[in-house]
Amino acid sequence: MADPRYFQRQGPFRLAELAAICQIELSDPAAADLAIVDVAALETAGPGQLSFLDNKTYMDAFSASLASACIVERRYAAQAPDGMVLLHCDQPYRAFALVAQAFYPRPRPLAGISPAATVDATATLGPDCQVAAGVVIAAGVEIGARCIIGANAAIESGVILGDDCIIGAGVSLSHCQIGNRVTLHPGGRIGQDGFGFAIDPGGHVKVPQIGRVLIGDDCDIGANTTIDRGSMRDTLIGAGCWIDNLVQIGHNVELGRGCVIAAMTGISGSTTVGDFVAMGGQAGLAGHLNIGDGVQIAAQSGIMSDVPPGLTVCGSPAVPIKEFFRQVATLRRLARQQLHRGGEEQ
Amino acid sequence: MADPRYFQRQGPFRLAELAAICQIELSDPAAADLAIVDVAALETAGPGQLSFLDNKTYMDAFSASLASACIVERRYAAQAPDGMVLLHCDQPYRAFALVAQAFYPRPRPLAGISPAATVDATATLGPDCQVAAGVVIAAGVEIGARCIIGANAAIESGVILGDDCIIGAGVSLSHCQIGNRVTLHPGGRIGQDGFGFAIDPGGHVKVPQIGRVLIGDDCDIGANTTIDRGSMRDTLIGAGCWIDNLVQIGHNVELGRGCVIAAMTGISGSTTVGDFVAMGGQAGLAGHLNIGDGVQIAAQSGIMSDVPPGLTVCGSPAVPIKEFFRQVATLRRLARQQLHRGGEEQ
Amino acid sequence: MADPRYFQRQGPFRLAELAAICQIELSDPAAADLAIVDVAALETAGPGQLSFLDNKTYMDAFSASLASACIVERRYAAQAPDGMVLLHCDQPYRAFALVAQAFYPRPRPLAGISPAATVDATATLGPDCQVAAGVVIAAGVEIGARCIIGANAAIESGVILGDDCIIGAGVSLSHCQIGNRVTLHPGGRIGQDGFGFAIDPGGHVKVPQIGRVLIGDDCDIGANTTIDRGSMRDTLIGAGCWIDNLVQIGHNVELGRGCVIAAMTGISGSTTVGDFVAMGGQAGLAGHLNIGDGVQIAAQSGIMSDVPPGLTVCGSPAVPIKEFFRQVATLRRLARQQLHRGGEEQ
Numbered sequence: 003m004a005d006p007r008y009f010q011r012q013g014p015f016r017l018a019e020l021a022a023i024c025q026i027e028l029s030d031p032a033a034a035d036l037a038i039v040d041v042a043a044l045e046t047a048g049p050g051q052l053s054f055l056d057n058k059t060y061m062d063a064f065s066a067s068l069a070s071a072c073i074v075e076r077r078y079a080a081q082a083p084d085g086m087v088l089l090h091c092d093q094p095y096r097a098f099a100l101v102a103q104a105f106y107p108r109p110r111p112l113a114g115i116s117p118a119a120t121v122d123a124t125a126t127l128g129p130d131c132q133v134a135a136g137v138v139i140a141a142g143v144e145i146g147a148r149c150i151i152g153a154n155a156a157i158e159s160g161v162i163l164g165d166d167c168i169i170g171a172g173v174s175l176s177h178c179q180i181g182n183r184v185t186l187h188p189g190g191r192i193g194q195d196g197f198g199f200a201i202d203p204g205g206h207v208k209v210p211q212i213g214r215v216l217i218g219d220d221c222d223i224g225a226n227t228t229i230d231r232g233s234m235r236d237t238l239i240g241a242g243c244w245i246d247n248l249v250q251i252g253h254n255v256e257l258g259r260g261c262v263i264a265a266m267t268g269i270s271g272s273t274t275v276g277d278f279v280a281m282g283g284q285a286g287l288a289g290h291l292n293i294g295d296g297v298q299i300a301a302q303s304g305i306m307s308d309v310p311p312g313l314t315v316c317g318s319p320a321v322p323i324k325e326f327f328r329q330v331a332t333l334r335r336l337a338r339q340q341l342h343r344g345g346e347e348q
Numbered sequence: 003m004a005d006p007r008y009f010q011r012q013g014p015f016r017l018a019e020l021a022a023i024c025q026i027e028l029s030d031p032a033a034a035d036l037a038i039v040d041v042a043a044l045e046t047a048g049p050g051q052l053s054f055l056d057n058k059t060y061m062d063a064f065s066a067s068l069a070s071a072c073i074v075e076r077r078y079a080a081q082a083p084d085g086m087v088l089l090h091c092d093q094p095y096r097a098f099a100l101v102a103q104a105f106y107p108r109p110r111p112l113a114g115i116s117p118a119a120t121v122d123a124t125a126t127l128g129p130d131c132q133v134a135a136g137v138v139i140a141a142g143v144e145i146g147a148r149c150i151i152g153a154n155a156a157i158e159s160g161v162i163l164g165d166d167c168i169i170g171a172g173v174s175l176s177h178c179q180i181g182n183r184v185t186l187h188p189g190g191r192i193g194q195d196g197f198g199f200a201i202d203p204g205g206h207v208k209v210p211q212i213g214r215v216l217i218g219d220d221c222d223i224g225a226n227t228t229i230d231r232g233s234m235r236d237t238l239i240g241a242g243c244w245i246d247n248l249v250q251i252g253h254n255v256e257l258g259r260g261c262v263i264a265a266m267t268g269i270s271g272s273t274t275v276g277d278f279v280a281m282g283g284q285a286g287l288a289g290h291l292n293i294g295d296g297v298q299i300a301a302q303s304g305i306m307s308d309v310p311p312g313l314t315v316c317g318s319p320a321v322p323i324k325e326f327f328r329q330v331a332t333l334r335r336l337a338r339q340q341l342h343r344g345g346e347e348q
Numbered sequence: 003m004a005d006p007r008y009f010q011r012q013g014p015f016r017l018a019e020l021a022a023i024c025q026i027e028l029s030d031p032a033a034a035d036l037a038i039v040d041v042a043a044l045e046t047a048g049p050g051q052l053s054f055l056d057n058k059t060y061m062d063a064f065s066a067s068l069a070s071a072c073i074v075e076r077r078y079a080a081q082a083p084d085g086m087v088l089l090h091c092d093q094p095y096r097a098f099a100l101v102a103q104a105f106y107p108r109p110r111p112l113a114g115i116s117p118a119a120t121v122d123a124t125a126t127l128g129p130d131c132q133v134a135a136g137v138v139i140a141a142g143v144e145i146g147a148r149c150i151i152g153a154n155a156a157i158e159s160g161v162i163l164g165d166d167c168i169i170g171a172g173v174s175l176s177h178c179q180i181g182n183r184v185t186l187h188p189g190g191r192i193g194q195d196g197f198g199f200a201i202d203p204g205g206h207v208k209v210p211q212i213g214r215v216l217i218g219d220d221c222d223i224g225a226n227t228t229i230d231r232g233s234m235r236d237t238l239i240g241a242g243c244w245i246d247n248l249v250q251i252g253h254n255v256e257l258g259r260g261c262v263i264a265a266m267t268g269i270s271g272s273t274t275v276g277d278f279v280a281m282g283g284q285a286g287l288a289g290h291l292n293i294g295d296g297v298q299i300a301a302q303s304g305i306m307s308d309v310p311p312g313l314t315v316c317g318s319p320a321v322p323i324k325e326f327f328r329q330v331a332t333l334r335r336l337a338r339q340q341l342h343r344g345g346e347e348q
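Protein chains in written order, with our numbering: chain A, 3 to 348; chain B, 3 to 348; chain C, 3 to 348.
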């Protein structure tokens, strides 16, 4: 179970309540009143706990699990242990996420402004915000309702935040406008100057960066991630994007809705990314590219040209993923032939 | 136009004033008194605005632009729309940068020390510095004139800053000396211990890191970038270097003048880099190397050996860029031949 | 010598004292009383200074060094300059590290809590802690003896720190428990939410992250490095791990003892790493993998599958290092053959 030192568990809930939360019909209506006290992984779950099976590589753990209830696709029902109540659905992980949120809801603000915060007299805060010690809120900032601002965050002049945002410790925000229900994890840097200058042997000349960063609703942005403001237009992050830690997003980048960007990926300036694009860790995109809707970019890929919608690419420079693995196999085979012919490559 | 919530535009300027700033002769001297109110990109510029053409892929936008004036190479004059006043020069982007700086100058300090800053009694600050809330300035720090120190920055004991520096929110500085007109974007970490220890199965043994970081004049260093201090000598950043976000620079690295280092590049300890070296994003350099003047390193390259002056390299391990693209083409061709011969690689 | 502005040197020491510290017998017992005032690199060392030779590429510097004493393997004794006193041992760098620590010991706390720190009444601190200005320590935090907490660090509720820890400026800690003698360099982010959510076109659904981060004794964790807390179990960092700057460690990762992870490496969620594993810079590991004890992963490698104990791997996707260099050589040869046959690849 979650360490009560850090997490306040809600519940218990009747199984029928949990089923309603994720809109699942119980396989056994007689179990509606079963008391569920917690969620847990299949291996560690015990009586009174609910788990899920999302990946059939965990089938053995499922069959051996002591969980009282489990969210699972209908086709795996036969492998369930005796006595386990099943909640059948097609997206078990999504359903489990909703149930887990019931036990461990998003933090709610403990309304109040720390006397050790510095809030400019011209800044406005909506009702029920929580502002920690060391926070600095500059002139003209507008913050919505129920936001949580973590210790030592710095919100520079004119920044706008929507409702129900969570700003982590040590975050800095400038020249940006952020939607509702956005989470920024600690150390994120939003809105600083982009990397814009004219190369000159006599001294590179800075180009003023006069755009902003606009972030849509329901985004989640990782620790120590950096998003630069636009040069002469805005850097745009669409609603519902999930961006992991240590990601770099250059000036004028536009991300569509629902993109998922794993840690340490970098997107160079002025590249436009469609909706629901997924990028693996440490991928790199050159500047001024167009990446179509639904593109998937494998980890460590290097994208040097436009990618049409729906394609999955891999490698540096990236190619369609089947071609990537064919290249890998070809090179592996040729190198082994070389070995058998003797070490002439040395 | 730039959002006035975040940017205070100067001007308007007479076109002759702007031409003088970038030392350009007007193509049409009669236009000297034309009032220019702002700068803008070709696509969005309108009457009274000045733009530039630097890349001929934007030729259509140039020909269709409503900008009143445009900085452009002389050879493209014929493609200009009727009525546009042209400022001819060989480096249009550089000239535009200077003009844009006239409209949007570098921030000037609002002199004063926030009562919510903590400044040690033995620290000295030059005239007209701006020190935000939450800043901590430790014993013996020396700060020049007209510096701007952002919210919650931490400047540890003995650090020296020149004149006209801008230190972003949440930056931390220790064991370093920084020149004039240096900008450090938020979250930069300068001067912490390098990664130095003796490997030992009984417990790795730390080697004290007793060097410093010295940063020359006119450098620009990105958000969340880390520069470690030297182990037994200093880490050196030459004058006029532009370093992007999330870059790692190891102990004892020496960068020459005017280097340009894109985001997420890492330079391992004790590598020496010449003047005007350019590195693309996510490049990685091994330690103890010598990189010659004017070398260009493509994005995602991995540098495992010295690079002579003037070379452009790519790949991991890096090779001269022509060879890299020849390798890419060769492998692509071989993999396709393989495909046509059937799937034997599986 | 180290700049006295930043470093307080101890000593001088008698050579016999230093030899005792690293358990070495002096080659010349008559030198026991030689006064050593400092450590230095071979090239810069002078009379009264001690140096070391660990890498025979520095043999010329050794033979020309003016150091009064030098730690060196016995087999290189003949190359020493006249008059240099030698301290023979098999691990010269380790021995030098111990001697250097005598001259430049780990910082000791200047006990006291800054009046500009904010410490919750329910937090407990052991004796002789040093807490800088701007530090925020939340409810229920427990800090051991002799810890140094740097300016503007944020320690969130319930965090536990052992004795003799050094927490750098601007670090943020939450949901974590940290052992003794751990150093966290500036800007590290420990314990924030992992990157856990169920993909859904209607809006990705967050999975509450209800684990912790547990860090063993004697770890050293770099600037701006991020370590996410576990989802339903804990993220574990074994004792004696050295982790460089800008490293990303995902939720549920388990690192064994004594691992060494160079800058900008990323380890994806739920990957388990054995003891004494070494990773070069910018390496990337996929999730849910098992990496055996003693594995060595070269810089920029991409690990897509389990690695058995003791293997050294390189490349993306990674292969055993001999195979990697064979592949590199094969491709180089084929591309050159292609060149000689004419530019048909274009």
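Even for Gly, the Cβ is constructed at its ideal location relative to N, Cα and C.
By the neighbour-count criterion, in which a residue is buried when 16 or more other Cβ atoms sit within 10 angstroms of its Cβ, A:His342 is exposed. Close CB contacts of B:Tyr78 within its chain, under the 8 Å cut and outside five residues either way in sequence, are with Leu55, Lys58, Met61 and Phe64 (chain order). The Cβ atoms of C:Gly172 and B:Ser174 lie closer than 8 Å to each other. For the set A:Gly170, A:Trp244, A:Cys24 and A:Asp35, the Cα lying nearest the Cα of A:Ala102 is the one of A:Cys24.
Counted as a single uninterrupted DSSP element, the beta strand (DSSP E) harbouring C:Thr314 occupies residues Thr314 to Gly317. Assignment of beta-bridge partners to B:Asn292 by DSSP yields B:Thr274. For C:Phe105, the enclosing alpha helix (DSSP H) starts and ends at Pro94 to Phe105. Assignment of C:Arg16 by DSSP, reduced to helix, strand and coil, places it in the strand class.
DSSP places A:Gln298 in the strand class (E or B) of the three-state scheme. The closest CA to that of B:Pro6, considering only B:Phe327, B:Asp40 and B:Ala34, is found on B:Asp40. Identification of chain A residues near B:Tyr95 by a Cβ-Cβ cut-off of 8 Å yields Ala200 and Val209, ordered along the chain. When secondary structure is reduced to three states using DSSP, C:Val41 falls in the strand class. Taken through DSSP and simplified to helix, strand or coil, A:Ala141 comes out as coil. Ranked by Cα distance from A:Gly268, the first of A:Ala280, A:Arg259 and A:Phe326 is A:Ala280. As the crow flies, the alpha-carbon of B:Pro210 is around 19 Å from that of C:Asp219. The residue from C:Ala288, C:Gly282, C:Val255 and C:Ala264 with its alpha-carbon nearest to that of C:Val275 is C:Val255. Between the stretch 218-234 of chain A and the stretch 125-144 of chain B there are fewer than three inter-stretch CB-CB distances shorter than 8 Å, so the stretches are not counted as touching.
Shown in chain order are the members of the stretch 310-335 of chain A whose Cβ falls below 7 Å from a Cβ of chain B: Ser318, Pro319, Glu325, Arg328, Gln329, Ala331, Thr332, Leu333 and Arg335. Residue-level contact check: C:Gly224 touches chain B, since one or more beta carbons of chain B fall below 8 Å from its beta carbon. A residue is called buried once 16 or more other Cβ atoms fall within 10 Å of its Cβ, and B:Arg148 is buried on that count. Distance from the CA of A:Gly136 to the CA of A:Ala99, rounded to the nearest whole angstrom, comes to 33 Å. Secondary structure at A:Arg191: strand, using DSSP grouped into helix, strand and coil. Shown here for C:Gly170: same chain residues with a beta carbon closer than 6 Å to its own, the five before and five after excluded, namely Gly152, Leu186, His187 and Pro188 in chain order.
Contact of A:Gly152 with chain C is assigned, a C-beta pair being separated by under 8 Å. Contact between the stretch 325-332 of chain C and the stretch 322-342 of chain A is present, with at least three C-beta pairs closer than 8 Å. Straight-line measurement puts the Cα of A:Arg214 at about 25 Å from the Cα of A:Cys131. The beta carbon of A:Ala285 sits closer than 6 Å to the beta carbons of Thr267, Ile299 and Ser303 from its chain, once the five residues preceding and following it are set aside; these are given in chain order.
Under the Cβ distance rule, B:Gln132 does not count among the residues neighbouring chain C, no pair being separated by less than 8 Å. Assignment of A:Leu55 by DSSP, reduced to helix, strand and coil, places it in the coil class. Per DSSP, reduced to three states, the secondary structure at A:Ser174 is strand.
At a cut-off of 8 Å between beta carbons, C:Thr237 makes no contact with chain A. A distance of 8 Å or more separates the beta carbons of C:Ile150 and C:Ile162. Looking at the DSSP output, C:Thr120 bridges to C:Val138.
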